[in-house]
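These notes concern the structure reproduced below.
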Amino acid sequence: MNKKLLTTLCALSLTVSVTGCSVKTNTTTSTNTNKTTVTDQTIDSTKSEELKEVDTYIELGDSISINGEGAKVENNVVTITSAGTYSISGELKDGQIVVSSSEEDKVQIQLNNANITSSNSAPIYVKSAKKVVIGLSEGTKNTITDGENYVFEDATTDEPNAAIFSKDDLTIIGTGSLVVNANYNNGITSKDDLKIEGGQITVNAVSDGLRGKDSITILDGKITIDAKEDGMKSSNTEDVEKGYIHIQGGTLNVTSGQDGIQAETNAVISNGEINIVSGEGSKNSSSKNENWGNWGGKQPAEMQSPGVQPPEKNNTTTTEETDSTSAKGIKATSNITISGGNINIDSSDDSIHSNDTIMINGGNIKASSGDDGVHADSKIEINDGDIDITKSYEGIESQSIAINDGNVNVVSSDDGINAGGGNDASSTSGRPGENNFNSSSKCEIVINGGYTVVDARGDGIDANGTITITGGTTIVNGPENNGNGSLDYDGSCDISGGILIAAGSAGMAQSPSATSSQNSVNVALSSQQANTIIHIEDEKGNEVITFAPSKQYQSVIVSSPELKTGSTYTVSYGGTSTGEAKDGLYTGGKYSGGTKSTSFTVSESVTNLGSAGGSMGGPGGGHMGGGKGGIRPDRNGSMQQPPTQNSMENNIQTQ
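8 is the number of the first residue of the sequence shown in our numbering; add one for each residue after it.
Okay, here's the thing in structure tokens:
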């Protein structure tokens with residue numbers, strides 16, 4: 008839940024390379040001392056452990072038997088004092104397994120149908136060792152349960168504070184099952200590295216599910232987490248080489264009251280099945296949650312609202328700053344890199360959020376958000392993958408956004424793709440935590456390729472700076488209200504390649520810039536019903552586009568390599584097509600039965616047909632349309648449609 012104060016960089020390079028069995032992130036970030044800087048962070052992603060031959064057998068019960076060396080029992084506490092492999096089976100009522108060995112010792116604990124409970128401390132407590140491995144033997148069922156109150160040996164500390172607590176590296180392996188019921192605080196905690204290589208693991212926690220201070224690595228297994236606070240958290244703020252989360256495989260199901268996955272530095276996802284529901288999901292959108300307005304950040308205590316406090320927890324740790332509540336799906340203070348896996352997120356707050364950079368190189372992502380779908384304070388770069396944002400306030404938001412490849416689908420109640428800059432710039436329209444949304448030439452949206460579809464009730468594509476399109480296919484079903492536009496930019500919108508089709512209201516419709524090297528046309532019509540085809544063909548009858556917007560529209564902006572200077576084209580609307588439609592765009596087939604609107608000859612890079620009231624454009628989404636045009640989801644997850652302004656149709660000339 009920690010979140011550093013933010014910077015607003017325009018460009019940040021994040022390079023992720025896989026060499027052998029490690030992932031190395033090379034990142035250069037701001038020198039702002041309030042922000043974590045990550046340089047050459049190497050993430051270990053190798054399976055390193057296996058079940059070993061047992062040295063000592065420990066049988067739990069009313070009396071505890073130990074067969075072998077390296078362990079002793081006193082007052083229902085089993086203490087392991089030396090390196091080796093220990094098999095633990097049976098039931099221990101109100102007792103404890105303690106590892107207190109040399110700092111050079113490696114200890115493996117194999118749970119073989121073990122049921123361990125403690126009413127006042129961690130049932131498994133690693134005080135000292137070089138590394139501890141918990142093995143889940145095949146076919147076994149193991150349960151660890153603590154009580155609601157702990158009694159500490161040292162009243163000045165709050166350790167242990169998890170049902171399974173280790174001061175040193177902790178690895179879980181095997182194929183058996185483990186259920187952890189954490190009634191005091193966290194489920195499984197390592198103060199160093201926490202790695203899960205296998206097992207069927209269920210964690211029920213009143214605070215965080217999994218915590219690895221230095222790192223959390225998931226390589227395999229099926230992990231189910233139900234946590235009242237964060238699902239998974241890595242929290243090291245002192246060492247830039249640490250504080251990361253890496254998910255390389257396995258199945259992860261997280262239900263969290265706050266963040267699903269929270270990394271203090273980087274979150275890296277390269278594979279796996281990941282399902283997250285945070286903050287009760289998008290139906291509990293941030294406007295409905297009394298803690299909203301602190302979503303997403305850590306604030307100095309003196310800056311926090313006295314009326315909003317984070318949930319109480321059984322924790323006495325003193326920190327320099329006070330946590331604020333956050334209910335994001337995946338969150339990182341530094342960077343998020345996704346290169347594979349299937350990710351499904353239903354989040355009250357942002358589904359994927361970075362205080363710095365998000366890079367998506369692959370994977371399948373489906374997100375339903377009560378706030379932003381994907382938000383990064385500095386940069387979002389999409390190089391591949393399938394991204395489906397089915398519900399959001401703003402779909403994709405950052406200071407710099409680049410779409411180079413992949414399939415992107417966005418549904419938003421405000422702006423679809425928004426380059427605004429700053430932290431949570433979507434906090435507008437009187438929402439708690441509102442920020443001023445200033446124009447900035449540093450803000451940019453660049454589309455070099457891929458297939459992008461936007462359905463927005465605010466601005467479709469909105470930049471408080473520049474929009475550049477060099478390739479790909481971009482389809483925008485923009486607003487029906489005249490206070491927003493399918494395109495909205497402050498600086499320029501230069502198009503040199505690709506296909507752009509942007510339909511929506513006419514009141515704020517901005518055409519691409521005259522400096523574009525690829526031609527475009529902005530067609531203004533009287534209001535047309537949803538799914539009414541607009542068709543453009545050349546003088547030989549060759550199709551330029553046949554497109555049926557999914558919503559009511561008055562303006563359609565088209566840029567295509569097929570619009571040639573000196574050529575004449577005809578615009579028609581209505582009618583039918585025998586072609587195949589994908590997202591309203593028809594390919595192949597024959598168009599017929601439409602009504603001719605007008606003909607035009609391309610003589611310059613931008614042709615405006617009709618009187619599109621906002622064709623000269625407004626000052627960007629943060630001022631004209633983007634800030635006030637959107638409707639937040641209601642409690643039931645529905646997005647009410649803002650009223651259209653049909654009276655403005657009188658200002659539109661029907662061609």
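Ideal Cβ positions, reconstructed from N, Cα and C, are used throughout, including at glycine.
Which class does residue i belong to by DSSP, given the choice of helix, strand or coil?
i       : result
Asn-120 : strand
Ser-499 : coil
Ser-289 : helix
Gln-559 : coil
Glu-544 : strand
Lys-202 : strand
Ser-512 : coil
Asp-379 : coil
Lys-449 : coil
Glu-160 : coil
Ala-136 : coil
Ser-94  : strand
Ser-405 : strand
Lys-398 : strand
Gln-535 : strand
Ala-170 : strand
Gly-57  : Per the sequence shown, the amino acid found at residue 57 is Glu instead of Gly. DSSP places Glu-57 in coil when its eight states are reduced to three.
Ala-339 : strand
Lys-386 : strand
Leu-592 : strand
Val-247 : coil
Ser-604 : strand
Glu-145 : coil
Flag this pair as yes or no: are the beta carbons of residue i and residue j separated by less than 7 angstroms?
i       : j       : result
Thr-182 : Gly-205 : yes
Val-530 : Val-461 : no
Glu-451 : Ala-426 : yes
Asn-83  : Gly-97  : no
Asp-378 : Asp-395 : no
Ser-358 : Gly-336 : yes
Thr-209 : Thr-231 : yes
Val-261 : Thr-344 : no
Ala-516 : Ser-562 : yes
Note down the Cα distance separating residue i from residue j, rounded to an integer number of angstroms.
i       : j       : result
Ser-125 : Val-80  : 15 angstroms
Gln-406 : Val-453 : 11 angstroms
Glu-404 : Ile-203 : 33 angstroms
Ile-352 : Leu-616 : 42 angstroms
Asn-549 : Thr-594 : 12 angstroms
Asp-69  : Asp-200 : 34 angstroms
Tyr-93  : Val-106 : 11 angstroms
Lys-589 : Thr-147 : 50 angstroms
Val-284 : Gly-591 : 31 angstroms
Thr-480 : Asn-411 : 11 angstroms
Pro-568 : Gly-423 : 25 angstroms
Ile-195 : Leu-259 : 15 angstroms
Asp-176 : Gly-142 : 14 angstroms
Thr-605 : Ser-375 : 41 angstroms
Asn-470 : Asn-342 : One detail in the question is off: residue 470 reads as Ala in this sequence, not Asn. About 22 angstroms.
Glu-287 : Asp-62  : 46 angstroms
Asn-156 : Ala-339 : 31 angstroms
Thr-53  : Asn-193 : 26 angstroms
Pro-556 : Ala-521 : 25 angstroms
How many whole angstroms separate the CB atoms of residue i and residue j, which I take to be in contact at a CB cut-off of 8 angstroms?
i       : j       : result
Asp-215 : Glu-245 : The Cβ separation is near 19 angstroms, so there is no contact.
Ile-482 : Cys-500 : Not confirmed; about 16 angstroms, so no contact.
Val-139 : Val-114 : 5 angstroms
Gln-525 : Ile-502 : 5 angstroms
Gly-380 : Gly-348 : Their Cβ separation, rounded to whole angstroms, is 17 angstroms, which puts Gly-380 and Gly-348 out of contact at 8 angstroms.
Tyr-560 : Gly-601 : Contact flag wrong, Cβ pair sits at about 15 angstroms.
Tyr-136 : Ala-170 : It is worth fixing the name first, because residue 136 is Ala in this sequence and not Tyr. Wrong, their Cβ atoms sit about 18 angstroms apart, outside the cutoff.
Ser-346 : Ser-292 : Wrong, their Cβ atoms sit about 30 angstroms apart, outside the cutoff.
Which residues in the same chain have their Cβ closer than 6 angstroms to the Cβ of residue i, if we skip the five residues on either side of it in sequence?
i       : result
Asn-414 : Asp-393, Tyr-458
Leu-99  : Leu-67, Ile-123
Gly-264 : Lys-235, Glu-236
Ile-543 : Val-551, Ile-552, Tyr-576, Val-578
Glu-546 : Thr-575
Lys-558 : Asn-484, Glu-487, Ala-537
Thr-663 : Because the chain spans 8 through 662 in this model, residue 663 falls outside it and cannot be assessed.
Lys-240 : Asp-215, Arg-218, Gln-269
Asn-188 : Thr-152, Asn-211
Ala-409 : Glu-388, Val-453
Output needed for residue i: all residues of its chain with C-beta closer than 7 angstroms, excluding positions within five of it in sequence on either side, in chain order.
i       : result
Asp-227 : Glu-204, Gly-205, Gly-256, Gly-257
Here's a check: name, in chain order, each residue in its chain whose Cβ is nearer than 8 angstroms to the Cβ of residue i, leaving out the five neighbours to either side.
i      : result
Glu-76 : Asp-62, Thr-63, Ser-89, Gly-91
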